[in-house]
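> The numbering of the sequence shown is this note's numbering, which starts it at 2 and goes up by one.
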Amino acid sequence: MHSPYPVRATAPMVEVKKVAPDAELKSGRKLEIASNLRVTLSDKSWLIVPRGSSIKIEGRAFVGAGGIPLNLHVSCDFLELEVVQQFLKGMQPTGLSNDDAETVLRLLNLLGTLVWMDKPELRNLVLLNPRRVAVAMASLMTICFGQENFEHRDMMMIERKITEHRSDLLRFQSTGIATRKLIRGLWKEEFPEESQQELIRQILMEKHLMFERLVQDEFVLPSCLPVAHSAEEVVREAGKVLYLDVGGLLSPNFFPALAQKMYSCQIKNESESTWKPGPPQVFRNRGHFHAGTCSVSVSVFPVSLCRSSKSVLRIVVQGGNELKYEEVAQKVKHLLERDIFGFNPGCETDPASFFQLKAVPKENDDFEGIDSALCMTVGCQQTCSLCRLRALLEERFLPDLDSALRSVVQRAAIFGRHTRPAGSFRFKAMKYPGDVDLEEYLAIDANSRDEALTELCRTIQTQYGNITGAGGVEMFFGGFKAGFEPTSECSGAKKEYLSWTQQNILCSSTEDTEALKKALGEGHHTWTAKLDMFAKVKLFEDSEETPRYFEVTNVLRAGWFKGPQPIQPISDEKDFLQSVEKNLAKFSGEEPNAMKYVKRLWERSAYLAERGFDLEWNLSILEALRPLLGHWVAELNQVAAHVETIINMMQSSHELFEHACADLPILRQNLSRLKSRLHNIDESEKQAAEDGRDSIAKAMEYIPELLPESPPEAAKEKDMLRTLRKAQLLLESCVETVLIGKLGSFEVPLAKPLGKLWTFPSDHPPIAAMLKLCENSIKVASWNVLNRNYYKYIDKDTQGLKGSKITMQHEAGTRESKIIEKIEEMLQNDFRILCLQECWPELLQQLGEALEERQPEVQMRCSGEDKNQEAILFHSEHVYYRERIHFHRAFRENSKKVVTEAHFHHAGMGLLRVVTTHLPGAPFGRARKEFADCIAGIVKGEKLPTVLLADLNFPEKAIQPLLLDHDLDVSFVPTPYPTNICQGSLLPKRIDSIAVINHEVKGAKLQATALKAEDVLDGLREVVDLLKSRSAEPWTPTRYQSDKASAASTDMRSAAAQQGHLLLSARFNNDEVIAYMRAVKKQLEARNIPVFVVEATVGQSFADLTRIGLARAKGMVTFCTSEYGAYTGVRYETFHELEFARGHKLPLFPIRLCDEWPPAPQNNERGIFQNQLVFKKGLVYIDDRQMTRAQWVADQIAESVARIGIFSS
């Protein structure tokens, strides 16, 4: 009835309308036939192909009167039950009735010959080729493990199928949870019908290769589950602990199966029927579940799986009363015995007896601390990876918090027991958290989403509509965020989230309640809602600190379920990795913030290390970052967060203003105490400590010593807020400076060096902005070109750039010309003012000559004749130079450094001051303050709108407070990418800045908008993506790679291609053509011809790599199938590749693979016309229509390449 592979056949006369009424029969087309088709096989036998079978047309000769002859491939993987029954009924000499046919199908299903599931929703489809299940499973395994274990020829094809589901892919790789959207995208070509995919999923679930998660449209693949490497919560509160000896009989299926069994048995408090906590968290060696008020953890104990014979199963039940947790523990034990194991394993309350029986060596006889052990390795002494990780990632739980804070958590949370510390706050390594982060998942039993939102709305109104103190603690409502501002619904508008006051939440009218319901349905980022409160507490149980106000945040995620059905999320499931990576990019680029960057790095490495990904690399990051999190600079950051909390309270209401003022003496006390401690810092940190003391002293000048006796007037209140903000920013400035210095002084790099991957001529990419005043605008840019005299630092490899294009161009003496090319390109892209830093005389001389020859309208002014100077380039036809330039020697310790000030006039914008400089790089000392004093002196002279374009050598957070201290109206442009690499750690940072310092002109202020990298220079996006990738690129990547890391590490192949290559251009819609193309590629590489194929691995951008391939192409090999060059509207396709080659006069090497020449894509006038223009009669092609002579084709191309000499230069 079927063959495991497609068979070749010929159909002599095909009635098109009968077989394919809605499809055109053309070569390469795949379709399902609509009626039975008689075909002849290669051995002259014939067969009837049933309707619903798949055919792939190879070619047709002519159209006859009764139809057309076809050569085709026939495959018959799926058939409808009705079709199978008809065929069996028509068998000779005696057919089968429908009932008998179903009996036969059941038998063949048992034998594994085919798959037919006699269930109402599945019985109408028969899978005739069970091997297709393996194909489906293999595709899932490939995207999970392919990057480290497979050389899978279809990785690029798979990536293109799921390119829209990047977030789902990251989640699957790190958790083993696959969404229906991800699976549908992955399988859509192999199994185009939803009924086919559903049957495949059901087969995988029957074989326990896949489990349906307790969330709608989510599935768990046990073989892809990570192993949890961290220790569990220490049992401190009342609860029940059991240990079961299961003899190492645990498969990857165990915990997913247990999750389903537990929830199907509804182990919960029956009185709680409306609400329950969210879905379980399942690992390969652990599962966390909820049962009413109880939490249940079942895990392999100890965590280490390397000695399964010395592992037991631990059940921990906590929460509720003694009767309840004892009952739940016994239910779980009986469930394991009855439904999972089928036998009664040994059960103990103390694990020591098990391990003594298992002959654990005598060094462990005392079994001290065994209940929280990670490994049982003799002599480990906390040196193995597991024990090191446990020490690093020790977590906080509710019992660790101060009793007053626990009462606040109970008030802030809907589920007290199931709410726990979240974010970086959950790690004990964070000794000085700035606020308290919580998170909980709420699942609502309801008949519909609308009913669930109504219940959620009612609960939030009851819970948060009247927040008062809990347990004698001062506690106030801070804000509630959910939903979008109405303006966000406009096309193209940036989403702005709604903030709700306590009065808004109470919702006095039906319209208000409906508005809150709508907002909860829209959510907030990846949450349903976020609650902020202020509470006067100590953080930890053992703390001796004076209680003061902290901001307490509870993030709510919600879903709904109907009876035993899976939970359907109200807001999308949180994608942790993508969220963290987005923040890493943000805090090293658009919004530089070293402390937040460090915390996100910690969270990311903790998440991956806990799951065993790149364990040693992530351990090294955690070990390097931990000292920073307990450093005095982290405590200073905590105090700065306290200032911010006071400001937020003051801005909330008059009532909170008074309470916030009461915290000011505590704030001053904490600052004074920290300042005193900084006198006793090690000599190695003396300069940093001095900077800390100075920042604290200056900040305390802005913090009132005496509290106002009565509520201040509005003007005084505003002035107090302004001065407190200055104090906050001054403290944060010190934090930024010290942390950036720390990240630049690591002895061991945390990121992989860029080396040969770096192809830009400077270690800084340029930055740019659009300036606008009233209705007029101009583009400006700034670029540190890397002074030739500083090449010694590149050669010492302090930034991981040795061996890059900088090295090659420096040694070849061509770097000056490459820099000038980039400058000219920016000027041609309508940049009217361009500031350059780190220029040297020879470069400026060559640049001046080039401009005079090719762009005489562009003029240049330099800051002197020193070997390291700045230059300002301007387009004289658009901005008039006022012949006013000043060189301010602002730096006492470096008299050669100057701040350059130039004045211009723009026809529409009027007068404009441009300031550029390159600050001295010493992290501490006078330079930053001297620069701020200099800028203040400049702008307070002639009052002009001013734009600063500079390399400040520090993130703007370290500079801006010093400018604000002079009461300047300054705003920095949020350039969306990093511009340099920290020495030591090799992590990215942004130290190049653009800022506007305003004076009103005709009632308007100068505005500046950052430009994206691709709007500055062609190819710059790839450069900055490389910089971003340093936050997430392991030395030896395994299983998981970040978006930017995978896009950046195109390995040495792409580095070689940067010298120029032949681009291999083909339509990627035919497996045979792809295989043939790769055979030709292999033969060309064997002849030492550099070639490039757009092969994007999972997580890379196909479009980005196409741009790279075209930009560096010296010629193009075209694999001309009948559809080559078709215009389909996709941005990157063979039509555009051919258009690019024609426009850039690239040599073409066509390989003819189709009968008609030039290729004539069906119903594609634009593609046909261009093909006729490009593939003219005089252009010689290589004919290999049978695709059998790859070696000969490569010889022909190699001979032509050598004759033309395209790689000789």
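Note that beta-carbon positions come from the ideal geometry of N, C-alpha and C, so glycine has one too.
If you draw a straight line from the C-alpha of Ala1046 to the C-alpha of Leu80, how long is it?
Walking along the sequence shown from the start, residue 1046 turns up at place 1045. Walking along the sequence shown from the start, residue 80 turns up at place 79. Confidence in Ala1046 is poor, its pLDDT being 38 and thus under 50, which makes the residue's placement unreliable; the coordinate value appears in the next sentence. Using only the alpha carbons, I get a separation of about 44 Å.
> Would you mind sorting Asp100 into buried or exposed? The rule is 16 or more other CB atoms within 10 Å of its CB.
Position 99 of the sequence shown holds residue 100. Exposed.
> Ala872 lies in the beta strand (DSSP E); which residues open and close that run?
What you label residue 872 is simply residue 871 of the sequence shown in a count that begins at 1. Its beta strand (DSSP E) spans residues Gln870 to His876.
> Report the rounded CA-to-CA distance for Leu828 versus Thr724, giving the unit in angstroms.
One-based indexing of the sequence shown puts residue 828 at position 827. One-based indexing of the sequence shown puts residue 724 at position 723. In a straight line, the C-alpha of Leu828 is about 42 Å away from that of Thr724.
> Any beta carbon from chain D within less than 7 Å of Ile939's own beta carbon?
Considering every chain present, this structure includes no chain D. It has just one protein chain.
> Roughly how many angstroms separate the alpha carbons of Ala951 and Lys930, rounded to a whole number?
Here residue 951 refers to the residue found at position 950 of the sequence shown. Here residue 930 refers to the residue found at position 929 of the sequence shown. Roughly 16 Å separates the two Cα atoms.
> On the three-state DSSP scale, how would you describe Asn954?
Counted from its first residue, the sequence shown places residue 954 at position 953. Here Asn954 sits in coil by DSSP.
> So, are the CB atoms of Lys537 and Leu629 less than 7 Å apart?
Looking up residue 537 in the sequence shown gives position 536. Looking up residue 629 in the sequence shown gives position 628. Going by C-beta atoms, Lys537 is not nearer than 7 Å to Leu629.
> Excluding the five sequence neighbours on either side, which residues of its own chain have a C-beta within less than 6 Å of the C-beta of Glu328, listed in chain order?
By 1-based counting over the sequence shown, the position of residue 328 is 327. Here the set comprises nothing.
> From which residue to which residue does the beta strand (DSSP E) around Pro253 run?
In the sequence shown, the residue the question calls residue 253 occupies position 252. Here Pro253 belongs to no beta strand (DSSP E), and DSSP marks it neither H nor E.
> Looking only at its own chain, which residues have a Cβ that is under 6 Å from the Cβ of Arg202, when we skip the five neighbours before and after it?
Looking up residue 202 in the sequence shown gives position 201. Cβ within range, chain order: n/a, list empty.
> Using only the heavy atoms of the ligand ATP, determine whether one of them is closer than 6 Å to the beta carbon of Glu812.
Ligands are entirely absent from the displayed structure, and the ligand ATP is therefore not among its contents.
> Measuring straight from C-alpha to C-alpha, what distance separates Phe888 and Glu866?
For the purposes of this step, residue 888 is identified with residue 887 of the sequence shown, where counting begins at 1. For the purposes of this step, residue 866 is identified with residue 865 of the sequence shown, where counting begins at 1. Those two C-alpha atoms are separated by around 12 Å.
> Using 8 Å as the Cβ pair cut-off and three pairs as the minimum, do the stretch 885-903 and the stretch 797-816 touch?
no
> In the DSSP assignment, what residue or residues form a beta bridge with Lys531?
Along the sequence shown, read from residue 1 onward, the residue named residue 531 stands at position 530. Bridge partners of Lys531: Lys482 and Val556.
> Can you list, in chain order, the residues of its chain with a C-beta nearer than 6 Å to that of Pro962? Leave out the 5 residues immediately preceding and following it.
Sequence index remark: in the sequence shown, residue 962 carries index 961 (1-based). Cβ within range, chain order: Leu730, Leu731 and Ser734.
> Determine the DSSP secondary structure at His811, reduced to helix, strand or coil.
Translated into positions along the sequence shown, residue 811 becomes position 810. Three-state DSSP puts His811 in a helix.
> At 4 residues or longer, and completely inside the stretch 537-597: list those alpha helix (DSSP H) runs for me, N to C.
The stretch 537-597 contains these whole alpha helix (DSSP H) runs: 577-586.
> Roughly how many angstroms lie between the CA atoms of Glu1023 and Ala1112, to the nearest whole one?
For this step, residue 1023 is matched to residue 1022 along the sequence shown. For this step, residue 1112 is matched to residue 1111 along the sequence shown. Taking the straight line from one Cα to the other gives about 12 Å.
> So, under 8 Å CB-CB, Gln1197 and Ile1207 are touching, yes? Tell me the CB distance rounded to an integer number of Å.
Within the sequence shown, numbered from 1, the residue matching residue 1197 stands at position 1196. Within the sequence shown, numbered from 1, the residue matching residue 1207 stands at position 1206. The Cβ separation is near 15 Å, so there is no contact.
> Please go through the same chain and pick out, in chain order, the residues whose beta-carbon is closer than 8 Å to the beta-carbon of Val1074, but skip the five residues on each side of it.
Against the sequence shown, residue 1074 aligns to sequence position 1073. Apart from sequence neighbours up to five positions away, the residues of its chain that approach Val1074 with a beta-carbon distance below 8 Å are Ala1067, Arg1068, Phe1120, Thr1122, Leu1154 and Met1188, ordered along the chain.
> Using three-state DSSP, classify Leu1007 as helix, strand or coil.
Residue mapping note: residue 1007 aligns to position 1006 of the sequence shown, counting from 1. Leu1007 falls in the coil class under three-state DSSP.
> By DSSP, does Leu1149 sit in helix, in strand, or in coil?
Within the sequence shown, the letter at position 1148 stands for residue 1149. Reduced to three states, the DSSP call for Leu1149 is strand.
> Whose C-alpha, out of Val318, Ala1199, Ser54 and Ser46, is nearest the C-alpha of Glu194?
Walking along the sequence shown from the start, residue 194 turns up at place 193. Selected option, being the one with the closest Cα: Ser54.
> So the alpha helix (DSSP H) Glu33 belongs to, where does it begin and stop?
As a working mapping, residue 33 is identified with position 32 in the sequence shown. Element bounds for Glu33: not the alpha helix (DSSP H) but the beta strand (DSSP E), Lys31 to Glu33.
> By alpha-carbon positions, which one of Leu38, Phe88 and Ala102 ends up nearest to Asn72?
As a working mapping, residue 72 is identified with position 71 in the sequence shown. Of Leu38, Phe88 and Ala102, the residue nearest in Cα terms is Leu38.
> Only counting runs of 4 or more residues, tell me where the alpha helix (DSSP H) segments fall wholly within the stretch 962-1030, in order along the chain.
List check, alpha helix (DSSP H) in window: 1021-1030.
> Ignore the nearest five residues each way along the sequence and tell me which others in Ile415's own chain have a CB closer than 8 Å to its CB.
On the sequence shown, residue 415 is found 414 positions in, with the first residue counted as 1. Cβ neighbours of Ile415 beyond the five flanking positions: Trp276, Glu441, Leu443, Thr460, Gln464 and Leu557.
> Using DSSP's beta-bridge definition, name the partner residues of Lys241.
Numbered from its first residue, the sequence shown carries residue 241 at position 240. Paired residues: Val318.
> Would you decide whether Asn777 is buried or exposed? Buried here means 16 or more other CB atoms lie within 10 Å of its CB.
The residue labelled residue 777 in the question sits at position 776 within the sequence shown. So Asn777 counts as exposed.
> Could you say which of Ala891, Gly922 and Arg883 lies nearest to Gly911 if we only look at CA atoms?
For the purposes of this step, residue 911 is taken as the residue at position 910 of the sequence shown. Ranking Ala891, Gly922 and Arg883 by Cα distance to Gly911 puts Arg883 first.
> Buried or exposed for Tyr978, going by 16 or more other Cβ atoms inside 10 Å?
Here residue 978 refers to the residue found at position 977 of the sequence shown. Flag for Tyr978 reads buried.
> Given a threshold of 16 other Cβ atoms within 10 Å of its Cβ, counted over all protein chains shown, does Phe1170 qualify as buried or as exposed?
Taking the sequence shown and counting its residues from 1, one reaches residue 1170 at position 1169. So Phe1170 counts as exposed.
> Taking C-beta to C-beta, are Ala698 and Ala728 nearer than 7 Å?
The count along the sequence shown starts at 1 and reaches residue 698 at position 697. The count along the sequence shown starts at 1 and reaches residue 728 at position 727. No, the pair does not count as a contact, with Cβ atoms beyond the cut-off.
> Decide yes or no for the touch test of the stretch 936-956 against the stretch 984-999: beta carbon pairs closer than 8 Å, at least 3 of them.
In short, these stretches touch, since the Cβ pair count reaches three.
> Using the rule of at least 16 other Cβ atoms within 10 Å of the residue's Cβ for burial, across every protein chain shown, is Glu523 buried or exposed?
For the purposes of this step, residue 523 is taken as the residue at position 522 of the sequence shown. By the 10 Å Cβ count, Glu523 comes out buried.
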